[in-house]
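Undergrad: Mapped onto the working numbering, the consecutive letters of the sequence shown carry residue numbers 557 to 590.
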Amino acid sequence: MKILDCTLRDGGYYNNWDFEPHVVKSYLQAVAKS
557 MKILDCTLRD
567 GGYYNNWDFE
577 PHVVKSYLQA
587 VAKS
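1) Could you check the C-alpha separation between Met557 and Gly567 for me, to the nearest Å?
2) DSSP three-state call for Asp561: helix, strand or coil?
3) Taking the continuous alpha helix (DSSP H) assigned at Ser582, which residues delimit it?
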């Protein structure tokens, strides 16, 4: 098992801020629940 510590900002640099809509929705739902 590998653990990856990554922020949304880090991911944005990796994929040039091109997130799939379902990823953004899941992220926002998780943040809203926290």
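Even for Gly, the Cβ is constructed at its ideal location relative to N, Cα and C.
TA: Put simply:
1) As a working note, residue 557 is residue 1 in the sequence shown. As a working note, residue 567 is residue 11 in the sequence shown. One C-alpha to the other measures close to 20 Å.
2) Mapped onto the sequence shown, residue 561 falls at position 5. Asp561: coil per DSSP, three-state reduction.
3) As a position in the sequence shown, residue 582 is number 26, starting the count at 1. Looking at the DSSP string, the run of the alpha helix (DSSP H) that includes Ser582 is 577 to 589.
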